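To start, the structure itself, in structure tokens.
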Amino acid sequence: MVHAETSLIECYTGIIAEAVYRRRPWVEVALTGEDKGIKRIYEMRDIRFTDPVQKSAALSLASRRATALVRSRNGSAAINALARALMEKGEVDDEEAARLCRSVYGGRQCSYGAWYGHWPPSPNDLRIGRIPERVARVTADGATNRQGAAARETRAPS
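Numbering (the working numbering), first residue to last: 2 to 159.
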């Protein structure tokens with residue numbers, strides 16, 4: 002479920018970021034954008050959710066999370082850095098986009114799978130630029146589990 006919800010947030014974030022940057026309504030950008038963002042959003046929603054109530058809730062929550070991310074200080078700075086690079090170069094590859102985003106987040110980048118131990122992020126988590134740490138955790142049988150979360154490491158046993 003984390004992957005589907007993350008994909009929804011990513012789709013909405015792209016649309017909302019473009020709308021903010023272009024000073025256009027996000028619905029206009031969603032319907033006229035070259036990447037057909039709204040179509041991708043509906044496809045992702047339909048792959049993961051079957052119940053109409055769940056579909057509606059998933060879209061609403063993804064939109065709120067994306068809005069929080071785009072309106073955050075770091076999110077806004079990342080969008081502007083990326084937009085400037087696109088204006089200069091016309092195209093930016095994934096590696097360059099990631100570098101630009103890391104630069105406004107103080108060099109921090111979320112490790113693959115780190116959000117699993119912290120899901121779901123609240124809009125406030127996204128607004129303040131929280132990036133969860135992915136730490137090694139030793140399980141009872143001695144195996145190392147890299148999906149653990151720093152916050153969960155410090156919790157007292159129940």
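Even for Gly, the Cβ is constructed at its ideal location relative to N, Cα and C.
Keep in mind it's a predicted model, so treat the numbers as computed, not measured.
Secondary structure of residue i, DSSP reduced to three states
{"i": "C102", "result": "helix"}
{"i": "D52", "result": "coil"}
{"i": "D126", "result": "helix"}
{"i": "E96", "result": "helix"}
{"i": "I132", "result": "coil"}
{"i": "S112", "result": "coil"}
Span separating the alpha-carbon of residue i from that of residue j
{"i": "L127", "j": "E134", "result": "14 Å"}
{"i": "S123", "j": "G91", "result": "34 Å"}
{"i": "T51", "j": "A63", "result": "16 Å"}
{"i": "S61", "j": "L9", "result": "10 Å"}
{"i": "V21", "j": "G118", "result": "31 Å"}
CB contact flag (residue i, residue j, <8 Å)
{"i": "A67", "j": "T33", "result": "no"}
{"i": "A5", "j": "R65", "result": "no"}
{"i": "S104", "j": "A82", "result": "yes"}
Assumed close pair residue i, residue j - CB separation to whole angstroms, cut-off 8 Å
{"i": "N75", "j": "Y106", "result": "5 Å"}
{"i": "I42", "j": "W27", "result": "In fact, because the Cβ distance is near 11 Å, the residues do not count as touching under 8 Å."}
{"i": "I132", "j": "C111", "result": "5 Å"}
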